[in-house]
Amino acid sequence: TDHLITWDHDGDTFTVRNPERLAADIFPEVFNHSSYPSFTRALNAYGFRQVARNKWKHPDFRRGNVQALETIQRRRPPGKRVAQNQAAAGGAARPPQLQ
């Protein structure tokens with residue numbers, strides 16, 4: 071798979087060498103899709119940053135550092151967090167009372 075995706079020499083970034091082939095050949099075996107744009111959206115949702123074209127980095131995603139993987143979690147969009155907090159509090163927020 072190194073011809074499709076590989077670690078860079080420093081071990082803290084990875085490069086997707088062939089996005090089309092990665093999506094067609096590997097994604098269906100691992101994910102429920104074969105879409106590279108969907109993969110990049112997921113990387114962003116998990117806090118990965120694109121540092122160059124098809125090159126990605128996350129502070130807790132390093133070659134050989136398996137223990138740090140459990141710290142990588144999906145971030146919630148701010149709007150959804152507010153809606154979830156309101157639902158937990160018993161519904162939509164009420165407007166302030168006018169006096």
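When you line the sequence shown up against my numbering, it's residues 71 to 169, in that order.
Ideal Cβ placement from N, Cα and C applies to all residues, glycine included.
When you compare the CB positions of T85 and D78, do they come within less than 7 Å of one another, or not? Mapped onto the sequence shown, residue 85 falls at position 15. Mapped onto the sequence shown, residue 78 falls at position 8. Yes.
Outcome for T83 when other beta-carbon atoms lying within 10 angstroms are tallied against a minimum of 16: On the sequence shown, residue 83 is found 13 positions in, with the first residue counted as 1. With 16 or more other Cβ atoms within 10 Å, it is buried.
Among the residues of its own chain, which have a CB less than 7 Å from the CB of K127, if the five just before and after it don't count? For the purposes of this step, residue 127 is taken as the residue at position 57 of the sequence shown. Closer than 7 Å at Cβ, skipping near neighbours: D82, T83, F118, R119, V121.
Taking the alpha-carbon positions, what's the P147 to S108 distance? Within the sequence shown, numbered from 1, the residue matching residue 147 stands at position 77. Within the sequence shown, numbered from 1, the residue matching residue 108 stands at position 38. Cα to Cα, the separation comes out at about 16 Å.
Endpoints, alpha helix (DSSP H) assigned at V121: Taking the sequence shown and counting its residues from 1, one reaches residue 121 at position 51. Not the alpha helix (DSSP H): V121 falls in the beta strand (DSSP E), residues 119-122.
How would you call A138, buried or exposed, if buried means at least 16 neighbouring beta carbons within 10 angstroms? Counting from one through the sequence shown, the residue named residue 138 turns up at place 68. Result: exposed.
Determine the closest residue to F89 out of R145, D130, N124, with distance taken between C-alpha atoms. In the sequence shown, counting from the first residue as 1, residue 89 sits at position 19. Sequence check: residue 89 is Pro here, not Phe. Comparing Cα-Cα distances from P89 to each of R145, D130, N124, the minimum goes to N124.
Would you call the CB atoms of L92 and L113 closer than 7 Å? Along the sequence shown, read from residue 1 onward, the residue named residue 92 stands at position 22. Along the sequence shown, read from residue 1 onward, the residue named residue 113 stands at position 43. Cβ distance not < 7 Å, so L92 and L113 don't count as in contact.
Given this structure, state the Cα-to-Cα distance separating R144 from F97, to the nearest angstrom. Taking the first residue of the sequence shown as position 1, residue 144 is located at position 74. Taking the first residue of the sequence shown as position 1, residue 97 is located at position 27. Between R144 and F97, the C-alpha separation is close to 19 Å.
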